[in-house]
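Going line by line, the protein sequences match chains A and B. Under the numbering used here, the first residue of the first sequence is numbered 1, with each subsequent residue one higher. Under the numbering used here, the first residue of the second sequence is numbered 1, with each subsequent residue one higher. Notes follow once the structure below has been shown.
2 protein chains.
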Amino acid sequence: MILTVTLNAALDVTYAVDALVPHATHRVREVHARGGGKGVNVARVLAALGEDAVVTGLAGGATGLAIRAGLAAAGLADATVPIAGESRRTVTVVADGDATVFNEPGPHVTAAEWRAFTERFTALAADADAVALSGSLPRGLPADCYAGLVRIARAAGAWTLVDTGGEPLHAALAAEPDAVTPNAAELARALPRPEPVAGVTPEEALAGAEELRAAGARAVVVTLGVAGMVAVTDEGAWRARSGAVVRGNPTGAGDACVAALVAVRSRPWPERIRDAVALSAAAVLAPVAGAVDLAAYRRLRSGVVVEGVDAAGSRR
Amino acid sequence: MILTVTLNAALDVTYAVDALVPHATHRVREVHARGGGKGVNVARVLAALGEDAVVTGLAGGATGLAIRAGLAAAGLADATVPIAGESRRTVTVVADGDATVFNEPGPHVTAAEWRAFTERFTALAADADAVALSGSLPRGLPADCYAGLVRIARAAGAWTLVDTGGEPLHAALAAEPDAVTPNAAELARALPRPEPVAGVTPEEALAGAEELRAAGARAVVVTLGVAGMVAVTDEGAWRARSGAVVRGNPTGAGDACVAALVAVRSRPWPERIRDAVALSAAAVLAPVAGAVDLAAYRRLRSGVVVEGVDAAGSRR
């Protein structure tokens, strides 16, 4: 069983409007709501791949109930832990093919709720072959809470992956997760720089990934959007990119990358990276986050270009 | 007892962000939610004036429950009728003191739900001295549904007011409501023009109001924002405006106008208009829709300028 963890679960709401005009009143033509959060999307993709995925995390209030109803409707095993606070919504306003996003901050989690979650997580991790921990933290949780969960999962014998950024990522490294998967901005915020930069080149990403590995991560996979991915592992370092340019909805591509890395965790790293790039591209081709085009995934896999590199970024 | 009707009740949500940037992702700093809809705001103002207000309308789903919880928290009598559909939200994004509004379309109401509401409304109207019907219609309701409710209320001996626009306003006129209160845009959409105009001058408003009276309304009060109001009644026609310029939140000013007209419905029309202008201004001074600054209301009343006009718009 693969356990996905979403501590700041969300109801992802999409508003279709004719045009976004600041300071105007808009009639929303269509409202679409989907229970989400990054770990939920990972579980959806794992289920599409035929894996046995279980969703845990924190969910509260009417929005939490809506998120859980969405898990049930998707046929996902729901092991979320209830909290008193109201789970957050994200509102994406789509007009003319462009999206403007509003992310609510999420609930405040009490110390007692966190203890209850940790107990539930410990029981779930005992049955898990792998654990993926995804996304931002709701208020009230310590920045090192992913580190604690990774230690519990590793003690239970599970393979572990952390997909987050900034201080929660930095703090998780000490627990030596099997993989971390920052995007460029998350990597930049996790590095101890006086002036964090929002974008990094593949060469900077390799150097940053080396730093995260030195701090404890067993493998670091940096997702760079259309520029592909770089991976630094104990088997070596690689750069990979899709042979075909895909256009579509990039939301959820990172979650598909996580799902691939978890699903093929026992294979050699160059194969893992190939699958991660192909499945991310297949997610871009799907209309909503958490969905993948499996036929495209199989088709794209052979076209992914994987090159070994040394730590300075040049080809081997 | 005064009955307020909100067929398309809403949960009014406010997002505070640093700046609204189209196509960007925004971290929402603060989320504020308040059960609303125009008739709910009318009831809040009536309660502040010491009137015995009862709220009815249609509410469904988790959002409907949140709206009803808000009524209870405000101490308002809740006679809403449940529906299967999910009540709508409005999302107002506030940045730099400016507001950008997204209005969800609202639920679909079934014929059986509408019959159940009509039965409940008939029972409530029997105990009502006055009935105020406010706002847009959810999907599934006929455009003439306010006409049917006005007839039921009038048959029960209640004074009636309809605050809406366009086709629902136009269709309500045949039932001869005691007052209708369109704003300039609502008036323009209710007039049978080949090219409706969004804004009207006070002179055009008077002419339009005469048309609505000819179609059945006993009195027509057109709200014109900072330009005040014009009223055409069976006692004569008036133009009124606040002597003091007020700045603040105009949302809810129209609902305060309705509350004033209902509360002072037994007095001569010039006094009613004076109160409506003063209470609307007092609503602008209050931070949220449905609230009024009662001290300002009393202070502003004497400064309201009320002038008799003839139907062509010149002073008498």
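Where a beta carbon is used, it is the ideal one built from N, C-alpha and C, also for glycine. Predicted model, so just to flag it, every value in this text is computed and none were measured.
From the options, residue whose alpha carbon lies closest to that of residue i
i, options, result
"residue 98 of chain B", "A:10, A:257, A:21, A:231", "A:21"
"residue 8 of chain B", "B:17, B:39, B:27, B:15", "B:39"
"residue 216 of chain A", "A:241, A:180, A:203", "A:180"
"residue 133 of chain A", "A:103, A:108, A:56", "A:56"
"residue 153 of chain A", "A:253, A:127, A:75, A:103", "A:127"
"residue 54 of chain B", "B:125, B:31, B:211, B:26", "B:125"
"residue 18 of chain B", "B:96, B:68, B:59", "B:96"
"residue 244 of chain B", "B:268, B:262, B:299, B:136", "B:299"
"residue 318 of chain A", "A:210, A:161, A:58", "Since the displayed chain A opens at 1 and closes at 316, residue 318 of chain A lies outside it and no answer follows."
"residue 80 of chain A", "A:47, A:119, A:94", "A:119"
"residue 274 of chain A", "A:249, A:305, A:247", "A:305"
"residue 174 of chain B", "B:25, B:267, B:212, B:71", "B:212"
"residue 27 of chain B", "B:12, B:94, B:60, B:72", "B:94"
"residue 29 of chain B", "B:168, B:138, B:14, B:150", "B:14"
"residue 138 of chain B", "B:310, B:37, B:208", "B:37"
"residue 165 of chain B", "B:228, B:184, B:270, B:71", "B:184"
"residue 135 of chain B", "B:161, B:115, B:157, B:111", "B:161"
"residue 163 of chain B", "B:82, B:117, B:257, B:64", "B:257"
"residue 271 of chain A", "A:25, A:186, A:237", "A:237"
"residue 210 of chain A", "A:188, A:228, A:226, A:297", "A:188"
"residue 49 of chain A", "A:303, A:309, A:297", "A:297"
"residue 72 of chain A", "A:85, A:267, A:47", "A:47"
"residue 31 of chain A", "B:25, B:85, B:116", "B:85"
"residue 186 of chain B", "B:157, B:4, B:224, B:60", "B:224"
"residue 83 of chain B", "B:70, B:60, B:24, B:69", "B:60"
"residue 303 of chain B", "B:6, B:228, B:4", "B:228"
Residue i beta carbon near the ligand HEM (any heavy atom closer than 7 Å)
i, result
"residue 69 of chain B", "You won't find the ligand HEM in this model; it holds no ligand whatsoever."
Contacting residues, own chain, Cβ-Cβ under 6 Å from residue i (five flanking each side not counted)
i, result
"residue 171 of chain B", "143, 144, 147"
"residue 159 of chain A", "130, 178, 265"
"residue 122 of chain B", "152"
"residue 140 of chain A", "108, 109"
"residue 12 of chain A", "34, 36, 90"
"residue 103 of chain A", "90"
"residue 64 of chain A", "87"
Contacts that residue i makes with chain A (C-beta to C-beta distance below 8 Å)
i, result
"residue 98 of chain B", "22, 23"
"residue 66 of chain B", "62"
Supposed close pair residue i, residue j - CB separation, criterion 8 Å
i, j, result
"residue 44 of chain A", "residue 282 of chain A", "Incorrect: roughly 13 Å between the Cβ atoms, too far for contact."
"residue 233 of chain B", "residue 219 of chain B", "4 Å"
"residue 66 of chain B", "residue 33 of chain B", "7 Å"
"residue 10 of chain B", "residue 89 of chain B", "6 Å"
"residue 62 of chain B", "residue 74 of chain A", "Contact doesn't hold; Cβ gap of about 19 Å is too wide."
"residue 87 of chain B", "residue 107 of chain B", "6 Å"
"residue 230 of chain A", "residue 259 of chain A", "Wrong, their Cβ atoms sit about 19 Å apart, outside the cutoff."
"residue 221 of chain B", "residue 191 of chain B", "16 Å between Cβ atoms; not a contact."
"residue 277 of chain A", "residue 242 of chain A", "5 Å"
"residue 235 of chain A", "residue 269 of chain A", "5 Å"
"residue 239 of chain A", "residue 202 of chain A", "6 Å"
"residue 5 of chain A", "residue 149 of chain A", "7 Å"
Contact list for residue i against chain B, beta-carbon separation under 7 Å
i, result
"residue 247 of chain A", "Here the premise fails: no neighbours, minimum Cβ distance about 17 Å."
"residue 206 of chain A", "Correct list: empty, because the minimum Cβ distance to chain B is about 26 Å."
Per-residue contacts from residue i into chain A (C-beta, under 7 Å)
i, result
"residue 34 of chain B", "Neighbours of residue 34 of chain B on chain A: none; closest Cβ ~14 Å, over 7 Å."
"residue 93 of chain B", "102"
Residue i: contacting residues in chain B (beta-carbon distance under 8 Å)
i, result
"residue 104 of chain A", "15, 28, 31"
Neighbourhood of residue i by C-beta, 7 Å cutoff - its chain only, sequence neighbours within 5 removed
i, result
"residue 251 of chain A", "289"
"residue 293 of chain B", "282, 285, 286"
"residue 41 of chain A", "252, 255, 289, 290"
"residue 101 of chain B", "90, 92"
"residue 168 of chain B", "137, 143, 146"
"residue 51 of chain A", "2, 263"
"residue 246 of chain A", "281, 284, 285"
"residue 301 of chain B", "274, 275, 278"
Chain-ordered chain B contacts of residue i [CB-CB under 9 Å]
i, result
"residue 10 of chain A", "Correct list: empty, because the minimum Cβ distance to chain B is about 12 Å."
Contacts around residue i, its chain only, beta-carbon distance under 8 Å, and the 5 residues preceding and following it disregarded
i, result
"residue 176 of chain A", "150, 154, 216, 217, 218"
Entirely within the stretch 123 to 208 of chain B and at least 4 residues each: give me those alpha helix (DSSP H) ranges in chain order. List check, alpha helix (DSSP H) in window: 145 to 155, 166 to 172, 184 to 190.
Only counting runs of 4 or more residues, tell me where the alpha helix (DSSP H) segments fall wholly within the stretch 242 to 303 of chain B, in order along the chain. With a minimum length of 4 residues, the continuous alpha helix (DSSP H) runs that stay inside the stretch 242 to 303 of chain B are 253 to 263, 269 to 284, 294 to 301.
Can you list, in chain order, the stretches of the alpha helix (DSSP H) that have 4 or more residues and sit fully within the stretch 56 to 130 of chain B? DSSP runs (the alpha helix (DSSP H)) wholly in the stretch 56 to 130 of chain B: 61 to 73, 111 to 125.
Which residue spans inside the stretch 23 to 59 of chain A form an unbroken beta strand (DSSP E) run of at least 3? List check, beta strand (DSSP E) in window: 25 to 27, 30 to 36.
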